[in-house]
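For the sequence shown, the residue numbers in the numbering used here are 119 to 241.
C-beta: ideal position from N, C-alpha, C; glycine also.
Bear in mind that the values here come from a model prediction, so they are computed numbers and not experimental data.
Below is one structure, written out as structure tokens; comments come after it.
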Amino acid sequence: MEEDEFDRWARELEQQMQREIENTYSSIVIREWLNPSNMGGMRDADAHARYTGPCGDTMELFLKIEGNTVTGASFLTDGCGATIACGSMLTKMISGEPVERVRGVTDAHLLEKLGGLPEENEH
């Protein structure tokens, strides 16, 4: 079956978009965005926070805490790929960590773990 003009156009557009994504985001961000860890709510969470950023993306973070340790973390978001990557990486960074250490995690720590983000995604 021969590729028709529309199929060729769609394939070329997809390849162009893939190149733009790879030129814009680190491989870590792309991995966390396309295959996020810990995405979902948590019914028995011991702590829950919800934040809507200036761009309109909302992030919810759920924590399970036993003693002084974060034993589970998950997130929900209606945000873009960068927001999904942030939620995924953050939950991986804090799971199994003492609460005091988790309180010290900053946006700079998260950005470093992600290999950075474009300026327009840092908010």
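field: Reference G190, options G197, K182, T142, closest by Cα
entry: Comparing Cα positions, the closest option is K182.
task: Measure the C-alpha to C-alpha separation of T201 and F180 and round it to an integer number of angstroms.
output: The alpha-carbon separation between T201 and F180 amounts to approximately 16 angstroms.
field: Residue interval of the alpha helix (DSSP H) (run including W188)
entry: With the sequence shown as reference, residue 188 is identified as Val, and Trp is not the correct amino acid for it. Boundaries for V188: no alpha helix (DSSP H) harbours it, while the beta strand (DSSP E) harbouring it runs 187–195, taken from the DSSP string.
field: For E123, three-class secondary structure by DSSP
entry: Looking at E123 - three-state DSSP - the assignment turns out to be helix.
message: Please identify the residue among N186, D196, G233, L232 whose C-alpha is closest to the C-alpha of G214.
response: For G214, the closest of N186, D196, G233, L232 by C-alpha to C-alpha distance is N186.
task: In angstroms with no decimal places, state the Cα-to-Cα distance between M207 and E121.
output: When rounded, the distance between both Cα atoms is 40 angstroms.
- request: Could you tell me whether the segment 163–176 touches the segment 219–226, using the rule of 3 or more Cβ pairs below 8 angstroms?
  value: Too few Cβ pairs lie closer than 8 angstroms, so no.
message: Under DSSP, the alpha helix (DSSP H) around A200 begins and ends at which residues?
response: Counting along the chain, the alpha helix (DSSP H) containing A200 begins and ends at 199–212.
query: What separation, rounded to the nearest whole angstrom, lies between the Cα atoms of V147 and E238?
result: So the alpha carbons of these two residues sit roughly 14 angstroms apart.
- prompt: Between the Cα of F193 and the Cα atoms of Q134, S155, Q136, which residue gives the shortest distance?
  reply: Ranking Q134, S155, Q136 by Cα distance to F193 puts S155 first.
message: Under DSSP, the beta strand (DSSP E) around L235 begins and ends at which residues?
response: Note, L235: premise wrong, no beta strand (DSSP E); not H, not E.
field: Beta-carbon proximity of S144 to G234, cut-off 8 angstroms
entry: Between S144 and G234, the C-beta gap is smaller than 8 angstroms, which places the two residues in contact.
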